[in-house]
Ligand code: CA
């Protein structure tokens, strides 16, 4: 899950980004409205957390341009401006939710989870796949009820595959889901993640298949109900 955090207060941006990364999200930060607008035009984010008072381009203009391009990525606006007419204006511009500064971390994370679920059309945050259970809200996984020990990136790879059961995803898509732009990407990194995941999942009959030249898919276990995607 990739989040673009647009905030010109560097200390605040660092703190929020760190908290969100610890929760397993890939977070890019932009301190300038023009930069944010440029990155958003690429359309590779699952959520935008957007400050309003920004250099370069005001947050509400970033939002207006995003919606003007008919991009549907959920936007959570953060602002010190609390006035009702401001909220109404932002909702009219296409904001999905609104947080008044100072932002409480727990509240930010709860709203981020809710918006990402809504953005993906996932109503239930639990995915059942045979003996594997994923709680996408709590970012935890269980095999036969026993908690699975996963690193943040293993979790992110598993979640990505589990939300696309039986659909082939290529290495680029997985890398995009896992890596921040500032990270160094080694050619074998994805293979390593997949191989570690496999060794953790295969004892419970959860299989990640390789399709040569195309990518990977998580095979739907025979006894599982339809995956919630
Ligand atoms: Ca600001």
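In our numbering, the protein residues as written are -14 to 214. Glycine residues also receive a C-beta, built at the ideal position from the N, C-alpha and C atoms. All values derive from a computational prediction rather than experimental measurement.
{"Query": "Which runs of the alpha helix (DSSP H), 4 residues or longer, sit entirely within the stretch 121 to 181?", "Result": "137 to 147 and 156 to 163"}
{"Query": "Whether or not the stretch 17 to 24 and the stretch 148 to 165 are in contact is what I'm after, with contact meaning three or more pairs of Cβ atoms, one per stretch, closer than 8 Å; do they touch?", "Result": "no"}
{"Query": "Determine the burial state of residue -12: buried for a count of at least 16 other Cβ atoms within 10 Å of its Cβ, exposed for fewer.", "Result": "buried"}
{"Query": "Is it the case that the CB of residue 43 approaches a heavy atom of ligand 1 more closely than 7 Å?", "Result": "no"}
{"Query": "Taking the C-alpha atoms as reference points, what is the distance between residue 182 and residue 191?", "Result": "10 Å"}
{"Query": "If you drop the 5 nearest sequence neighbours on each side, which residues of the same chain put their C-beta closer than 7 Å to that of residue 49?", "Result": "78"}
{"Query": "With a cut-off of 8 Å on the beta carbons, I'd call residue 81 and residue 63 a contact; round off their distance for me.", "Result": "Contact doesn't hold; Cβ gap of about 13 Å is too wide."}
{"Query": "Should residue 177 be labelled buried (16 or more other beta-carbon atoms within 10 Å of its own) or exposed?", "Result": "exposed"}
{"Query": "Exposed or buried, which one is residue 3 when buried takes at least 16 other CB atoms within 10 Å?", "Result": "exposed"}
{"Query": "Nearest-angstrom Cα distance between residue -1 and residue 128?", "Result": "34 Å"}
{"Query": "Can you tell me whether residue 0 sits near ligand 1, meaning its C-beta is under 7 Å from at least one heavy atom of the ligand?", "Result": "no"}
{"Query": "Rounded to the nearest angstrom, how far is the Cβ of residue 9 from that of residue 124, given a contact under 8 Å?", "Result": "5 Å"}
{"Query": "Check the DSSP bridge columns for residue -13 and list the partner residues they point to.", "Result": "11"}
{"Query": "Distance, Cα to Cα, residue 5 vs residue 188?", "Result": "31 Å"}
{"Query": "Within 10 angstroms of its Cβ, does residue 207 collect 16 or more other Cβ (buried), or is it exposed?", "Result": "exposed"}
{"Query": "Looking only at its chain, what residues have a beta carbon closer than 8 Å to the beta carbon of residue 209, apart from the 5 residues adjacent to it on each side?", "Result": "Low local confidence applies: a pLDDT of 48 at residue 209 is under 50, so the model's placement there is unreliable, with the coordinate-based value given in what follows. Correct list, in chain order: 113, 114 and 115."}
{"Query": "Measuring alpha carbon to alpha carbon, tell me which residue in 98, 65, -7 and 71 is nearest residue 88.", "Result": "65"}
{"Query": "Is residue 35 near ligand 1, judged by its Cβ being under 7 Å from some heavy atom?", "Result": "no"}
{"Query": "List the whole-angstrom C-beta distance separating residue 59 from residue 103, where the pair is believed to meet the contact cut-off of C-beta under 8 Å.", "Result": "7 Å"}
{"Query": "On the three-state DSSP scale, how would you describe residue 192?", "Result": "coil"}
{"Query": "Between which two residues does the alpha helix (DSSP H) harbouring residue 18 extend?", "Result": "18 to 27"}
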